[in-house]
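Its first residue numbered 212, the sequence shown is counted upward by one per residue in this note's numbering.
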Amino acid sequence: MHILITGADSVIGQTAAARLAAAGHRVVGVVQRTPSGLDRRVEWVRAGLEAAALQRLANSADAVLHLAPIEPDVPHSAGIAGVVQVSHVAARAGARLLFVSQAAGDPALYRQAEELVASSWTPSLIIRVAALVSRQRDWMVDRTAAAIGSADVDTRVRVLHTDDLHRFLLRSIGSHRTGTVDLGTEPVPASSARRWLDGAGRRRRRGPAWPVLHAPLDTGALRNEWDFSLGWGAAEALADMGRTVVAGPVIPVAEVVTPSPGARASTHSGEFDDTIAAAFPMFSAWGTSDALPGPLTPMTIDVQGRGLRAAHRVTSEILGLRGELAGEWQHRSTAVFGHRLFTGVSVSEAVAATVPQAMRRPAVIARLSQVSRHYTRWCDDHSRLPGHAGGSWSGTTDAGLDTRLLLLRDRIAQGWTLASMGSLVENLLLRLVDRDLAGIPSPSEMTATPHLAQATALLAAELRRNPRLREIAKSGDLGALRTESPSAAASIAAAIGRVGHRGPGEAELANPVTADSPSQLLAAAALAVEVEPERVVVQGRRGLPTPLRRAEEIRRARELVWDVTMRNTHELRTALRAKGARLTASRRLAAAEDIWYLTLDEVVSPPIGTRLVVERRRAERERLQALSMPQTISVRWVPLPVADDDVEVGDVPVNGVAANGAAAHVTELEPQVQGQAQTLEPQVQA
Numbered sequence: 212m213h214i215l216i217t218g219a220d221s222v223i224g225q226t227a228a229a230r231l232a233a234a235g236h237r238v239v240g241v242v243q244r245t246p247s248g249l250d251r252r253v254e255w256v257r258a259g260l261e262a263a264a265l266q267r268l269a270n271s272a273d274a275v276l277h278l279a280p281i282e283p284d285v286p287h288s289a290g291i292a293g294v295v296q297v298s299h300v301a302a303r304a305g306a307r308l309l310f311v312s313q314a315a316g317d318p319a320l321y322r323q324a325e326e327l328v329a330s331s332w333t334p335s336l337i338i339r340v341a342a343l344v345s346r347q348r349d350w351m352v353d354r355t356a357a358a359i360g361s362a363d364v365d366t367r368v369r370v371l372h373t374d375d376l377h378r379f380l381l382r383s384i385g386s387h388r389t390g391t392v393d394l395g396t397e398p399v400p401a402s403s404a405r406r407w408l409d410g411a412g413r414r415r416r417r418g419p420a421w422p423v424l425h426a427p428l429d430t431g432a433l434r435n436e437w438d439f440s441l442g443w444g445a446a447e448a449l450a451d452m453g454r455t456v457v458a459g460p461v462i463p464v465a466e467v468v469t470p471s472p473g474a475r476a477s478t479h480s481g482e483f484d485d486t487i488a489a490a491f492p493m494f495s496a497w498g499t500s501d502a503l504p505g506p507l508t509p510m511t512i513d514v515q516g517r518g519l520r521a522a523h524r525v526t527s528e529i530l531g532l533r534g535e536l537a538g539e540w541q542h543r544s545t546a547v548f549g550h551r552l553f554t555g556v557s558v559s560e561a562v563a564a565t566v567p568q569a570m571r572r573p574a575v576i577a578r579l580s581q582v583s584r585h586y587t588r589w590c591d592d593h594s595r596l597p598g599h600a601g602g603s604w605s606g607t608t609d610a611g612l613d614t615r616l617l618l619l620r621d622r623i624a625q626g627w628t629l630a631s632m633g634s635l636v637e638n639l640l641l642r643l644v645d646r647d648l649a650g651i652p653s654p655s656e657m658t659a660t661p662h663l664a665q666a667t668a669l670l671a672a673e674l675r676r677n678p679r680l681r682e683i684a685k686s687g688d689l690g691a692l693r694t695e696s697p698s699a700a701a702s703i704a705a706a707i708g709r710v711g712h713r714g715p716g717e718a719e720l721a722n723p724v725t726a727d728s729p730s731q732l733l734a735a736a737a738l739a740v741e742v743e744p745e746r747v748v749v750q751g752r753r754g755l756p757t758p759l760r761r762a763e764e765i766r767r768a769r770e771l772v773w774d775v776t777m778r779n780t781h782e783l784r785t786a787l788r789a790k791g792a793r794l795t796a797s798r799r800l801a802a803a804e805d806i807w808y809l810t811l812d813e814v815v816s817p818p819i820g821t822r823l824v825v826e827r828r829r830a831e832r833e834r835l836q837a838l839s840m841p842q843t844i845s846v847r848w849v850p851l852p853v854a855d856d857d858v859e860v861g862d863v864p865v866n867g868v869a870a871n872g873a874a875a876h877v878t879e880l881e882p883q884v885q886g887q888a889q890t891l892e893p894q895v896q897a
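1. With 16 other CB atoms within 10 Å as the buried threshold, where does Q243 fall?
2. Taking P504 as the reference, give the member of E717, R676, M493 and I337 with the closest Cα.
3. Measure the C-alpha to C-alpha separation of V636 and S440 and round it to an integer number of angstroms.
4. Cutting at 7 Å between CB atoms, please list the residues of its own chain near R405, excluding the five before and the five after it.
5. Helix, strand or coil for D393? Go by DSSP, reduced to three states.
6. Would you mind sorting Q625 into buried or exposed? The rule is 16 or more other CB atoms within 10 Å of its CB.
7. Just list the alpha helix (DSSP H) runs in the segment 325–368, keeping only unbroken ones of 4 residues or longer that don't cross its boundaries, in chain order.
8. Let me confirm a value: H387 is counted as buried when at least 16 other C-beta atoms fall within 10 Å, else exposed. Which label applies?
9. Starting from G516 and walking both ways along the alpha helix (DSSP H), at which residues does that stretch end?
10. Relative to the C-alpha of S500, which candidate in G473, R551 and A488 has its C-alpha closest?
11. In the segment 242–274, which residue ranges form an unbroken beta strand (DSSP E) of at least 3 residues, counting only runs that do not cross its ends?
12. Quick one, are the C-beta atoms of V328 and S288 less than 8 Å apart?
13. Which value, in whole angstroms, describes the spacing of the CA atoms of D374 and V775?
14. Let me know the secondary structure DSSP gives W589 once reduced to three states.
15. Could you tell me which of F310, A705, I651 and P286 sits nearest to R348, measuring between CA atoms?
16. I'd like the span of the beta strand (DSSP E) that includes T554, first residue to last.
17. With A546 as the anchor, note down where its beta strand (DSSP E) starts and where it stops.
18. At which residue ranges does the segment 813–850 contain complete beta strand (DSSP E) runs of 3 or more residues, listed in the order of the chain?
19. Taking three-plus beta-carbon pairs below 8 Å as touching, is the segment 591–604 in contact with the segment 776–784?
20. Leaving aside the five residues before and after A736 along the sequence, list all residues of the same chain whose C-beta is less than 7 Å from its C-beta, in chain order.
21. What's the gap between the Cα of S477 and the Cα of R520?
22. From this set, V710, A802 and S728, which residue's C-alpha is nearest L771's C-alpha?
23. Assuming V311 and L265 are in contact, meaning their beta carbons sit under 8 Å apart, how far apart are those beta carbons, in whole angstroms?
24. Just to confirm before moving on: does the CB-CB distance between E539 and F491 stay below 8 Å?
25. Tell me whether A809 sits in a helix, a strand or coil according to DSSP, three-state version.
26. Using the C-alpha atoms, what's the distance from R778 back to S698?
27. Taking the alpha helix (DSSP H) that M493 belongs to, which residues open and close that run?
28. Kindly indicate which three-state DSSP category G290 falls into: helix, strand or coil?
29. Tell me the rounded alpha-carbon separation between A830 and L249.
30. Are L720 and V514 closer than 8 Å when you measure CB to CB?
31. Per DSSP, which residues does P400 bridge with? Please list them.
32. Within 10 angstroms of the Cβ of S559, are there 16 or more other Cβ atoms? Answer buried if so, exposed if not.
33. Measure from the alpha carbon of A342 to the alpha carbon of each residue in L231, A448, S383 and T821, then state which is nearest.
34. Do you know offhand how far D363's Cα is from G518's?
35. Which one of I819, S730 and T587 has the shortest CA to CA distance from W773?
36. Any idea which residues DSSP pairs F310 with across the strands?
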């Protein structure tokens with residue numbers, strides 16, 4: 212289907228556009244300004260809702276999804292006039308109109324909007340939603356928090372998680388139903404809602420609040436007519452919103468910049484490859500993390516690439532980067548070529564050159580002080596976020612599994628952000644002692660932790676005391692080890708409990724980890740026995756300069772948060788395995804392991820022809836795996852010569868892939884333009 216979305220520059224609009232595009236629809240998003248994180252699968256058009264401009268866009272659309280707010284004085288608002296224009300345009304185009312109405316808002320305002328939509332000369336569906344909660348802050352979520360904080364004790368509260376709203380938008384777009392449908396959880400007391408928010412650490416916010424928290428919604432049609440169930444109950448949704456705010460760094464990004472246009476870097480480039488801008492031509496495989504070996508799978512590029520870009524946006528803000536340099540750092544400081552990860556040498560050198568001056572700016576000093584002061588608490592809060600109880604997903608509904616997948620992707624991005632912030636501040640603190648340090652962290656610095664090495668060393672020490680156990684460990688025979696020494700078997704089990712989510716290439720979602728093959732840990736311990744353990748001299752912290760002492764505290768917190776990020780990655784890995792089995796049972800996939808060739812949005816919203824997508828990407832990965840990538844790239848890359856007997860493709864396990872951070876194209880539309888140029892009015896400066 213061809214779908215036109217108005218108000219696509221809002222948080223809800225961007226996510227809706229990405230999900231619908233992932234499901235295989237052709238999506239055109241109308242924006243007032245260029246937002247951050249544009250999805251390349253969406254055609255973005257910067258325009259107002261003037262009739263002529265909008266009509267040209269709607270004429271080829273099957274459905275129009277109106278998400279522009281009608282509340283006055285809120286971001287991206289189009290007002291009631293926008294509803295009139297969109298209704299008129301959809302009717303003239305013969306397109307079905309979907310309108311999201313806020314049941315918690317001003318009844319008179321939203322009733323007027325609903326009547327305009329219902330009386331328009333086009334098939335329409337009004338989706339009336341309860342007060343929205345989300346892991347991403349916007350004006351609607353802030354109004355929900357303010358309303359709950361100020362509500363009377365006996366007030367009943369209905370909420371709706373934006374994950375469920377987006378799932379329903381996907382369902383409703385694919386149907387031909389008209390009329391009105393209500394979305395919301397069962398009502399709960401305001402006192403309970405406050406307790407769930409406060410218990411998760413959510414600070415009370417003052418500001419505009421929704422006037423109607425207990426809207427008279429009839430949600431029976433969701434189950435009876437739409438066969439749709441919510442993935443979030445009220446308690447879980449409110450706690451999720453509260454936990455996300457308190458467990459993440461509160462560093463608002465003032466400017467997310469679109470990077471300079473880049474050129475395709477090779478005739479061998481894959482679907483997920485980044486482009487290269489002439490101003491920042493150099494990339495290197497040095498400094499990339501061992502946690503992300505290539506060639507990566509699409510799922511890994513999607514999930515971990517999103518996390519890296521989130522991290523770079525925050526470090527860009529901490530350092531006060533602006534303009535072209537900020538755009539390049541935020542989007543291509545780590546890039547994907549040939550499904551392998553590379554670090555941007557040119558942009559890293561340019562950013563490093565700004566550090567001495569940045570360290571003298573009051574705003575940068577204030578942000579660094581804030582991070583240094585609160586970093587260990589942020590990491591502790593993040594480490595205490597609850598995980599999935601038990602290792603099995605068999606008792607989780609499809610809706611619950613999908614919402615958990617999305618939650619874990621966001622938590623992994625939070626982990627990357629915290630790890631990157633920690634590395635940056637640690638390096639800048641060390642720079643106060645040694646001015647030669649650049650202070651710019653690489654991915655390998657973010658992900659370096661001693662957890663797996665420490666667990667291996669402890670097991671090796673136990674094996675050194677028993678030659679018989681040492682011989683069994685070399686063979687990797689866990690059964691024989693359990694028979695020979697129950698205490699050693701208990702030590703192995705305890706080690707798996709601590710580091711079972713770690714292992715070689717641990718951030719690649721398709722890779723097995725220690726919990727999948729405990730014999731690997733046993734074999735590693737047997738090898739470590741042959742190496743004489745190093746003597747470690749522990750220096751007392753009391754004699755260290757203050758910057759070094761604080762850097763040590765931040766390093767330990769960063770190691771903790773990366774370990775938690777890998778625990779979340781493994782939980783996502785097991786959840787995706789379960790989802791792959793379900794998609795195979797429903798014949799969407801030929802085999803459960805095919806799920807690694809999709810992106811997470813495609814897993815939650817499978818496109819038509821999913822098997823064809825998998826086949827195409829599998830063939831591309833096998834082609835790229837046969838290439839020997841250069842270690843350094845400047846402007847363009849060509850594969851290195853490689854002997855035929857050095858290439859192994861065949862049944863090599865998958866390693867990772869997903870949507871990268873290359874900029875999407877934004878078209879500006881103006882009326883009365885001749886020829887092929889797509890331009891609409893009025894032009895809005897980004």
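Glycine included, C-beta positions come from ideal geometry on N, C-alpha and C.
This one's a predicted model, so the numbers in the text were calculated from it and none came from an experiment.
Let me lay it out:
1. buried
2. E717
3. 44 Å
4. I359 and G360
5. strand
6. buried
7. 350–361
8. exposed
9. P509 to L530
10. R551
11. 254–257
12. no
13. 23 Å
14. helix
15. P286
16. R551 to G555
17. T545 to F548
18. 843–845
19. yes
20. T667, L670, A671, L674 and A684
21. 23 Å
22. V710
23. That pair is no contact at about 18 Å.
24. yes
25. The sequence shown places Leu at residue 809, not Ala. Note: L809 maps to coil in three-state DSSP.
26. 26 Å
27. Looking at the DSSP string, M493 is not in any alpha helix (DSSP H); the run it does join, the beta strand (DSSP E), is M493 to S495.
28. helix
29. 27 Å
30. yes
31. R367
32. buried
33. A448
34. 40 Å
35. T587
36. H277 and I337
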